[in-house]
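Peer 1: Top to bottom, those sequences are chains A and B. Residues 306 to 762 in this note's numbering are what the first sequence lists, from first letter to last. Residues 306 to 762 in this note's numbering are what the second sequence lists, from first letter to last. One structure, as structure tokens, below. Some questions next.
2 protein chains.
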Amino acid sequence: MTKSPLLAAIAALALPLSAHAQTMDPAALRDAALSDDYAWDITEGLTTEIGPRLAGTEAEARARAWAVTKLTALGFKNVRIEPYQMPVWVRGEETAEVVSPFPQKLAVTALGNSGATPSKGLVGEIVYFPSLEALQAAPDGSLRGKIAFVSHAMHATQDGSSYGYYGAVRRTGPAIAAKKGAAAMLIRSVGTDYHRNPHAGGTNFPDGTAAIPAAALSLPDAEQLERILKRGKPVRLKLLITARQTGMKQSGNVIGEVPGSDPAAGIVVVGGHLDSWDLGTGAIDDASGVAITAAAAKRIMNAGTPRRTIRVVWFGAEEVGVFGGRAYGEAHKGDNHVLAAESDFGADRIWKFAVNLPDSAKAVGDRLATALFPLGISRGSEKAGDGADVGPLFKQGVAAVDLSQSGLRYFDLHHTPDDTLDKIDPAQLRQNVAAWTAMLAIVANAPEVIGRVTPAR
Amino acid sequence: MTKSPLLAAIAALALPLSAHAQTMDPAALRDAALSDDYAWDITEGLTTEIGPRLAGTEAEARARAWAVTKLTALGFKNVRIEPYQMPVWVRGEETAEVVSPFPQKLAVTALGNSGATPSKGLVGEIVYFPSLEALQAAPDGSLRGKIAFVSHAMHATQDGSSYGYYGAVRRTGPAIAAKKGAAAMLIRSVGTDYHRNPHAGGTNFPDGTAAIPAAALSLPDAEQLERILKRGKPVRLKLLITARQTGMKQSGNVIGEVPGSDPAAGIVVVGGHLDSWDLGTGAIDDASGVAITAAAAKRIMNAGTPRRTIRVVWFGAEEVGVFGGRAYGEAHKGDNHVLAAESDFGADRIWKFAVNLPDSAKAVGDRLATALFPLGISRGSEKAGDGADVGPLFKQGVAAVDLSQSGLRYFDLHHTPDDTLDKIDPAQLRQNVAAWTAMLAIVANAPEVIGRVTPAR
């Protein structure tokens with residue numbers, strides 16, 4: 306590899322590290338990780354032997370047991386499940402069909418927390434809105450007995466930022482429609498692919514707003530419904546959704562550690578989430594995230610004892626409301642977390658990183674830049690702080706590193722039945738592990754004090 | 306366009322045609338067709354206003370009514386439905402789940418003519434075969450109570466030829482498994498995409514072989530099942546299929562004509578099939594085929610009166626056993642068909658053509674080559690004769706032209722829920738119409754006698 310001499314030269318310019326930490330040369334560990342098999346092994350195992358693992362269900366419990374076995378076998382210490390209670394919503398039957406003027410079935414999936422229709426379904430006239438803003442502008446009561454349909458088109462972005470804006474129709478649209486009297490709500494999937502696999506995902510009804518049936522159409526179906534509406538005749542649709550809330554159940558986070566040599570230096574938390582939506586096997590969301598972070602920690606473990614403890618957390622119940630992340634943040638408020646980072650955006654190549662570090666540890670960011678650029682990863686100028694599950698830690702002022710995967714095809718797959726192992730590119734997965742391994746080698750061994758920061762958001 | 310002077314030069318070298326036919330210059334009609342909207346209009350209309358149209362069902366009947374209205378509005382003459390009776394199979398519920406060792410649902414769809422499971426499903430151990438030959442080699446009785454699973458991987462080919470070999474597992478596998486005592490049969494979909502949308506398609510049980518439940522897994526699901534099997538533990542799967550035969554029902558072909566000026570010169574038959582599988586809206590299979598052929602005939606109609614009658618046939622019930630094609634061939638045995646051509650391979654660009662013409666009309670093939678090469682279509686050396694619905698005419702010795710579309714993504718979509726309008730590329734659709742228009746301008750106006758030929762197969 307032509308880059309080795311350059312890296313050697315850069316290493317010679319780096320801060321003097323302790324003899325201990327020098328057994329963990331970030332560049333050497335990074336390059337070795339490009340042959341990693343741990344992450345594939347975890348991703349393949351979890352998606353094959355467990356498959357879908359909806360939060361709070363028996364499948365998620367099996368995933369926790371699987372995780373304990375796997376992390377223990379890999380040599381992690383203090384492997385444990387930290388349980389918590391959460392409300393559990395489950396999917397049932399879900400069908401949609403145009404009754405008139407052009408009878409035909411449409412592919413639909415209920416949104417998390419959707420209410421149910423009557424057991425024989427409900428029939429209503431479609432009222433079309435081109436945007437969430439248009440729905441918001443509808444007069445109160447104007448949707449009584451109707452099915453609201455918001456169809457606006459999200460486009461892929463490398464940083465995934467379009468999910469914030471376009472995702473609002475899923476997160477808040479059904480509650481808005483409910484307040485205006487709608488019998489049900491349909492959205493165009495928050496996604497970018499043209500397959501008949503609608504995108505699931507959570508919606509929320511605030512206290513006092515009864516949950517109406519709320520579901521997503523696949524993009525081909527949403528565009529079909531738009532074409533039908535454009536013929537100008539009233540469009541009546543029959544919707545059947547038997548989803549339901551099943552009450553409070555147990556979920557849990559699974560934790561394993563690579564103990565550090567210097568307990569006073571604090572803990573570096575890395576992880577992803579163990580639960581998945583129920584339609585696919587949760588390969589990109591987020592088997593690969595738990596796999597990448599654990600594989601990187603394992604590679605550090607293999608190299609020796611880091612200065613700081615690396616704590617791997619496989620969070621439960623992220624998809625349906627970040628119950629695991631909040632439970633962890635609450636339970637471990639008193640821990641000396643010095644840095645947190647999360648992988649929850651698939652396994653395509655990391656293209657950018659960012660940090661949120663105190664001034665005292667500014668040099669850590671520079672060493673990350675040096676270690677990551679050979680992987681095609683450039684430094685972003687924004688403050689780091691991505692991640693739902695480690696969000697509560699960031700709010701507590703814990704320093705952050707973001708390793709940002711390309712989102713260009715993420716929303717082709719996100720929350721759909723198509724989120725399966727075949728979508729993971731082993732070469733890109735290894736690039737992720739290499740980046741995370743280099744990051745951990747630097748952060749867990751940094752001689753600097755890493756104190757609190759002002760959160761990015 | 307730089308090609309115009311060349312085409313003009315070629316036109317000057319062509320056979321002298323009658324003054325009448327010269328109003329229909331193939332090159333001019335071809336180039337004008339590159340702006341065609343008729344084909345899109347038909348494809349969009351049929352897939353939107355009818356949607357799925359399984360043979361022999363009420364939806365196919367609505368499609369026939371739609372077709373009569375459309376062909377009449379376009380100015381075709383002698384528009385009519387020619388009915389026939391056929392046995393009708395319909396889909397019901399269809400689910401599959403691994404019971405042990407790793408419980409999870411798999412995406413499955415019943416094959417046409419599949420038998421049903423008991424109403425609560427059946428549970429059986431999976432017996433895996435890497436190929437149809439391996440299944441054939443299994444000892445009689447060795448599959449009693451088991452679910453046979455054949456999983457071999459088809460790859461995309463431009464000419465679609467891989468469908469012949471790999472498709473055999475779908476067409477004949479279930480009957481072979483039934484004879485060996487299997488309780489049910491699963492196949493890896495005969496397809497090339499990695500979406501959780503299994504490929505439907507017909508299978509056949511010869512007289513005396515009771516239909517067992519037979520279904521296709523999507524590729525991600527087939528590979529998941531293979532991975533589960535590779536763990537070496539017995540794999541038990543629960544299958545529920547409530548498909549059923551509903552007896553004899555009416556279907557029909559829809560016919561419209563562009564009458565020719567010389568009744569003695571015979572009839573040119575072109576068309577595609579009106580029915581579709583029930584999972585998608587049948588855009589590439591075969592709304593685009595009926596659209597392309599009718600659009601080309603319409604463009605000839607607009608240009609004047611051709612020498613020969615062009616008969617557009619939108620065949621019924623192709624997917625489930627070529628009932629429409631056989632009914633047409635039988636009913637019109639006495640007609641003076643001089644040439645037949647069918648479009649039933651999507652709407653991606655035509656890349657090759659071939660002919661089967663009598664020696665007396667050899668020059669027609671040469672004129673086709675001249676007219677088609679500017680569209681990127683080269684001449685194949687094989688004898689033409691593709692097409693299930695016009696197959697009975699070919700068997701009667703009718704001359705043939707094949708206009709071959711690229712099959713490189715056809716089996717990503719074929720027989721799946723994903724066969725929807727968004728998969729049609731308007732520019733490639735127009736290239737198809739241009740080729741068909743040029744072909745019809747040449748063939749319908751050819752001064753040569755076009756007599757019988759030896760069929761290609």
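The C-beta atom is built at its ideal place from N, Cα and C for all residues, glycine as well.
Please check if any C-beta of chain A sits within less than 8 Å of the C-beta of residue 504(B).
Peer 2: Reading the second sequence from its first residue, position 199 is the one you call residue 504(B). It does not: the Cβ of residue 504(B) has no partner Cβ on chain A nearer than 8 Å.
Peer 1: Using CA atoms only, rank isn't needed, just tell me which of 421(B), 343(B), 721(B) and 352(B) is closest to residue 543(B).
Peer 2: In the second sequence, counting from the first residue as 1, residue 543(B) sits at position 238. That would be 421(B), whose Cα lies nearest to the Cα of residue 543(B).
Peer 1: Using a cut-off of 8 Å between C-beta atoms, extract the partners of residue 499(B) located in chain A.
Peer 2: Sequence index remark: in the second sequence, residue 499(B) carries index 194 (1-based). Those are 723, 725, 727 and 728, listed as they occur along chain A.
Peer 1: On a CA-only basis, which of 486(B), 687(B) and 611(B) is nearest residue 450(B)? Give me that one, please.
Peer 2: Sequence index remark: in the second sequence, residue 450(B) carries index 145 (1-based). Looking at the Cα atoms, 486(B) is the closest of the given residues.
Peer 1: Can you find the residues in the same chain that come closer than 7 Å, C-beta to C-beta, to residue 471(A), ignoring five residues on each side of it along the sequence?
Peer 2: To locate residue 471(A), count along the first sequence from 1; it is residue 166. If we look at residue 471(A) and ignore the five residues flanking it on each side, its Cβ neighbours are 457, 459 and 495.
Peer 1: Within the continuous alpha helix (DSSP H) that includes residue 677(B), where are the two ends?
Peer 2: Position 372 of the second sequence, counting from 1, holds the residue named residue 677(B). First-last of the alpha helix (DSSP H) with residue 677(B): 667-677.
Peer 1: Output yes if chain B places a C-beta closer than 8 Å to the C-beta of residue 539(A); else output no.
Peer 2: What you label residue 539(A) is simply residue 234 of the first sequence in a count that begins at 1. No - not a single Cβ of chain B is within 8 Å of the one on residue 539(A).
Peer 1: I'd like to know if residue 679(B) contacts chain A, where contact means its C-beta is closer than 8 Å to some C-beta of that chain.
Peer 2: Translated into the one-based positions of the second sequence, residue 679(B) becomes position 374. False, the Cβ-Cβ gap to chain A never drops below 8 Å.
Peer 1: Assess contact between the stretch 722-741 of chain A and the stretch 596-608 of chain A, defined as three or more Cβ pairs (one per stretch) separated by less than 8 Å. Is contact present?
Peer 2: With the cut-off at 8 Å, the stretch 722-741 of chain A and the stretch 596-608 of chain A touch.
Peer 1: What's the gap between the Cα of residue 286(B) and the Cα of residue 755(B)?
Peer 2: Given that chain B is displayed from residue 306 to residue 762, the structure contains no residue 286(B) and the question cannot be resolved.
Peer 1: Cβ closer than 8 Å: which chain A residues qualify as neighbours of residue 412(B)?
Peer 2: By 1-based counting over the second sequence, the position of residue 412(B) is 107. The contacting residues are 722.
Peer 1: Could you please give me the residues that DSSP links to residue 544(A) through a beta bridge?
Peer 2: Start at 1 with the first residue of the first sequence, and residue 544(A) comes out as number 239. Beta-bridge pairing links residue 544(A) to 401(A) and 427(A).
Peer 1: Against chain B, which members of the stretch 527-538 of chain A pass a CB distance test of less than 7 Å?
Peer 2: If the cut-off is 7 Å between Cβ atoms, the stretch 527-538 of chain A has 528, 529, 532 and 533 near chain B.
Peer 1: Between the alpha carbons of residue 750(B) and residue 613(B), how many angstroms are there, rounded?
Peer 2: Translated into positions along the second sequence, residue 750(B) becomes position 445. Translated into positions along the second sequence, residue 613(B) becomes position 308. Distance between the alpha carbons of residue 750(B) and residue 613(B): 6 Å.
Peer 1: Applying a beta-carbon distance threshold of less than 7 Å, which residues of chain A neighbour residue 733(B)?
Peer 2: Stepping through the second sequence from its first residue, residue 733(B) is reached at position 428. By Cβ distance, chain A contributes nothing, its closest Cβ being about 16 Å from residue 733(B), past 7 Å.
Peer 1: Can you check whether the C-beta of residue 762(A) is within less than 8 Å of a C-beta belonging to chain B?
Peer 2: Within the first sequence, residue 762(A) is the residue found at index 457, counting from 1. It does not; no Cβ of chain B falls within 8 Å.
Peer 1: Quick one, which residues of the stretch 398-422 of chain A are near chain B if we go by CB-CB under 7 Å, in chain order?
Peer 2: Residues 407, 409 and 412.
Peer 1: Just checking my contact of residue 397(A) with residue 547(A) at CB under 8 Å: how many whole Å lie between their CB atoms?
Peer 2: Indexing the first sequence from 1 puts residue 397(A) at position 92. Indexing the first sequence from 1 puts residue 547(A) at position 242. Indeed they touch by this definition, with Cβ atoms about 3 Å apart.
Peer 1: How many Å lie between residue 528(A) and residue 412(A) at the Cα?
Peer 2: Start at 1 with the first residue of the first sequence, and residue 528(A) comes out as number 223. Start at 1 with the first residue of the first sequence, and residue 412(A) comes out as number 107. Computed Cα separation, rounded: 12 Å.
Peer 1: Residue 356(B) versus chain A: which residues are under 7 Å apart at the beta carbon?
Peer 2: For this step, residue 356(B) is matched to residue 51 along the second sequence. Result: 407 and 409.
Peer 1: Using a Cβ cut-off of 8 Å (strictly closer), state whether residue 525(B) contacts chain A.
Peer 2: Numbered from 1 along the second sequence, position 220 holds the residue referred to as residue 525(B). Chain A contact via Cβ: present.
Peer 1: Could you tell me whether any Cβ in chain B is nearer than 8 Å to the Cβ of residue 353(A)?
Peer 2: Taking the first residue of the first sequence as position 1, residue 353(A) is located at position 48. Yes - at least one Cβ of chain B is within 8 Å of the one on residue 353(A).
Peer 1: Where are the beta strand (DSSP E) runs, 3 residues long or more, that stay fully inside the stretch 344-426 of chain A, in chain order?
Peer 2: For the stretch 344-426 of chain A, whole beta strand (DSSP E) runs of length 3 or above, ordered along the chain, are 382-395, 399-405, 409-411 and 413-415.
Peer 1: Could you tell me which residues DSSP puts in a beta bridge with residue 703(B)?
Peer 2: Against the second sequence, residue 703(B) aligns to sequence position 398. The partner list for residue 703(B) (beta bridge, DSSP) is empty, contrary to what the question assumes.
Peer 1: Near residue 350(A), what residues of its chain come up, given a Cβ to Cβ distance below 6 Å and the 5 sequence neighbours on each side ignored?
Peer 2: Counting from 1 along the first sequence, the entry for residue 350(A) is found at position 45. If we look at residue 350(A) and ignore the five residues flanking it on each side, it has no Cβ neighbours.
Peer 1: Look up residue 501(B) in the DSSP assignment and say whether it is helix, strand or coil.
Peer 2: In the second sequence, residue 501(B) corresponds to position 196, counting from 1. If DSSP states are grouped into helix, strand and coil, residue 501(B) belongs with coil.
Peer 1: Less than 8 Å between the C-beta atoms of residue 619(B) and residue 644(B), yes or no?
Peer 2: Walking along the second sequence from the start, residue 619(B) turns up at place 314. Walking along the second sequence from the start, residue 644(B) turns up at place 339. Taking 8 Å as the Cβ cut-off, residue 619(B) and residue 644(B) do not qualify as a contacting pair.
Peer 1: According to DSSP, residue 641(A) sits in a beta bridge with which residue or residues?
Peer 2: Along the first sequence, one-based indexing puts residue 641(A) at 336. BP columns for residue 641(A) are empty, so no partner.
Peer 1: Please work out which residues of its chain come closer than 6 Å, Cβ to Cβ, to residue 759(B), disregarding the five sequence neighbours upstream and downstream, and give them in chain order.
Peer 2: For the purposes of this step, residue 759(B) is taken as the residue at position 454 of the second sequence. Contacts found: none.
Peer 1: Where does residue 749(A) sit, in a helix, a strand or coil, going by DSSP?
Peer 2: For this step, residue 749(A) is matched to residue 444 along the first sequence. DSSP places residue 749(A) in helix when its eight states are reduced to three.
Peer 1: Where do the N-terminal and C-terminal ends of the beta strand (DSSP E) with residue 555(A) fall, by residue?
Peer 2: Locating residue 555(A) in the first sequence gives position 250, where the first residue counts as 1. Counting along the chain, the beta strand (DSSP E) containing residue 555(A) begins and ends at 549-563.
Peer 1: Quick check on the burial criterion: 16 or more other C-beta atoms within 10 angstroms. Buried or exposed for residue 537(A)?
Peer 2: Here residue 537(A) corresponds to residue number 232 of the first sequence, with the count starting at 1. Looking at its Cβ environment, which holds fewer than 16 other Cβ atoms inside 10 Å, residue 537(A) is exposed.
Peer 1: Going straight from the alpha carbon of residue 296(A) to that of residue 736(B), what length do you get?
Peer 2: Residue 296(A) falls outside the range modelled here, since chain A spans only 306 to 762, and no answer is possible.
Peer 1: In chain order, what residues of the same chain lie with their CB nearer than 6 Å to the CB of residue 573(A), ignoring the 5 residues before and after it?
Peer 2: The sequence position of residue 573(A) within the first sequence is 268, counting from 1. Counting only Cβ-Cβ distances below 6 Å, and skipping sequence neighbours, we find 613, 615, 644, 748 and 749.
Peer 1: Could you give the residue range of the beta strand (DSSP E) that holds residue 657(B)?
Peer 2: As a working mapping, residue 657(B) is identified with position 352 in the second sequence. Its beta strand (DSSP E) spans residues 655-661.
Peer 1: If residue 652(B) sits next to residue 593(B), beta carbons under 8 Å apart, how far is it from one beta carbon to the other, in whole angstroms?
Peer 2: Along the second sequence, one-based indexing puts residue 652(B) at 347. Along the second sequence, one-based indexing puts residue 593(B) at 288. Going by Cβ atoms, the distance from residue 652(B) to residue 593(B) rounds to 4 Å, so yes, they are a contact pair.
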